[in-house]
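A.B. asks: In this note's numbering, the protein residues as written are 717 to 1053. Handing you this structure, nothing more for now.
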Amino acid sequence: MSPSQSVAELGEHALIARLQARVAAPPPWIVAGIGDDAAIVSPPRGEVIALTTDSLVEDVHFRRAWTPLDAVGHKALAVNLSDLAAMGAAPHAALLSLALPPDLLLADFDALVEGFLTLAGATGMPLVGGNITRSPGPLVIDVTAVGSARARRVLRRSAGRANDDLYVTGTLGAAATGLAALRAGLSRPGLDPDLAACVARYERPDPRLRAGVTAARSRSVNAAIDLSDGLADAVRQMALASGTGAVVDATSVPVHPGTRAWAERTGADPLSLALSGGEDYELLFAVSRRRRRGFLAAAQRWTGLPVTRVGRLTSESDLWLDGPRGREPLGAGFVHF
Ligand SMILES: [Mg+2]
């Protein structure tokens, strides 16, 4: 078999065998992994199961010309892990379903699988099954992630309360900046390091599992959500679900340095990239003031990951952005359709 062969030449069973050969030995809680009609997993004692699914569709979520396929494999799992992190759930098992154009090269299949399995290994997320089928159109990668948490520690987006402070992890705008740089056709070699970091964030988001899981265990967080569609959208979703309003302080939003550099170069507004640029996959937490110390103590253990207070939930239902120009309505996030 040569990597320049197409997946159609190999066929479904050989592809599954090829994938299975790369999967590490399963951890003890996997009773039956890949190879039977269904996987069997034991739930951790005293914990509930969190389930989430998300797919990446070629030419909707990625372009093969812009993004290497190992990054696509990484991202397909990362976006699901981000949803588990937002619930405070630890990784437990994953299912991977692939719809492959028949002319896809075996080398590309291998890269896709490699990106997925490398992140799966790094996050303790065993691949326990899935499906491979032919696609008459785009490449589709569909992932189902299973997580677990103690029922009383699960983080819901709907449990925020008026006067909770809003904290966000990391820096914002990076993924949208990275995508803009790729769209503008900037070549990777010689890219300014801050911009290169933005491209890396777009291609290989780093799900904030440690932050989500330890925040949940610290019992200091009322509500959490991940930033798939930008900070403004996450604040809106959390406030809506919690029956509150919110105020975001524009001057405290942690804008990625690459986003600032890009804004200077192109005249784009760095704040709107940070507020509405999607795919940063950071976490937003609502923390009551009396739990602030406990939360910040937990956050100290998120080595290298800053956390910034960006606003608060309010008792009125309106959503506001407080900035140097005064108060204005909080704009919408990234919209898929
Ligand atoms: Mg989410």
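Cβ coordinates follow ideal geometry from the N, Cα and C atoms, glycine included. Bear in mind the structure is a predicted one, so any value in this text is a computation, not a measurement.
1) Could you tell me if the beta carbon of I848 falls within a distance shorter than 8 Å of some heavy atom in ligand 1?
2) Tell me the residue span of the beta strand (DSSP E) that contains W1036.
3) Thinking C-alpha only, which one of A979, G1020 and A939 is nearest T960?
4) To the nearest angstrom, how far is the alpha carbon of D824 from that of I756?
5) Starting from the Cα of W1018, find the closest Cα among D1034, V884 and G894 and give me that residue.
6) Out of D880, G901, D949 and G889, which one is the CA nearest neighbour of R1025?
7) Under a three-way DSSP split, which group does F1050 fall into?
8) Taking its Cβ as the centre, do 16 or more other Cβ atoms sit within 10 Å of G928, making it buried, or is it exposed?
9) Is the beta carbon of S771 less than 9 Å from the beta carbon of V856?
10) Between the C-alpha atoms of R873 and V764, what's the straight-line distance to the nearest angstrom?
11) Exposed or buried, G1049, counting other C-beta atoms within 10 Å across all chains shown (16 or more means buried)?
12) What residue ranges within the segment 962 to 1001 form continuous alpha helix (DSSP H) runs of no fewer than 4 residues, ordered along the chain?
13) Just verifying my parser: in three-state terms, what is the DSSP assignment at E830?
14) Suppose contacts are defined by Cβ-Cβ distances below 9 Å. Is T849 in contact with L814 by that definition?
15) Bridge partners of V862, per DSSP?
16) Say yes only if the C-beta of I1054 is nearer than 8 Å to one or more non-hydrogen atoms of ligand 1, and no if none qualify.
17) Please name the residue, chosen from W782, A861, L925 and L1035, that lies closest to N796 on a Cα-to-Cα basis.
C.D. replies: Once the coordinates are examined:
1) no
2) L1035 to G1039
3) A939
4) 30 Å
5) Per the Cα distances, V884.
6) D880
7) Confidence in F1050 is poor, its pLDDT being 47 and thus under 50, which makes the residue's placement too unreliable to answer from.
8) buried
9) yes
10) 17 Å
11) Confidence is the limiting factor: at G1049 the pLDDT is only 49, short of 50, which leaves the residue's position unreliable, though a coordinate-based value still follows. Classification of G1049: buried, given that the 10 Å Cβ count is 16 or more.
12) 973 to 982 and 986 to 992
13) helix
14) For T849 and L814, yes; Cβs fall inside 9 Å.
15) L767 and A809
16) Since the first and last residues shown for the chain are 717 and 1053, residue 1054 lies out of range.
17) A861
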